[in-house]
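Take the position in the sequence shown, starting the count at 1, then add 4; the result is the number in our numbering.
Note that beta-carbon positions come from the ideal geometry of N, C-alpha and C, so glycine has one too.
Single-structure report; data block below.
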Amino acid sequence: MFTPAVFSSVFFPADWDYEYRAVRSFFLAFSVNEFARRTLESSRKKHACIEDFADCFESST
């Protein structure tokens, strides 16, 4: 029958904590990477707009 040892080994494997940490670490790294990518992308667009504006200003004078 089910003894506590068998029950715990079936439903709660010994490495579940490590698996949880690995999954959490993956999503944390993905979130940080995605945030950094979007931030850099928006700053590139912002600087491109500033450079375009400067080019327009120089060509009009």
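Check, Outcome
"Cα-Cα separation between L32 and T43, rounded to whole angstroms", "16 Å"
"Through-space distance from R41 to A26, alpha-carbon basis", "22 Å"
"Cα-Cα separation, S46 to S35", "16 Å"
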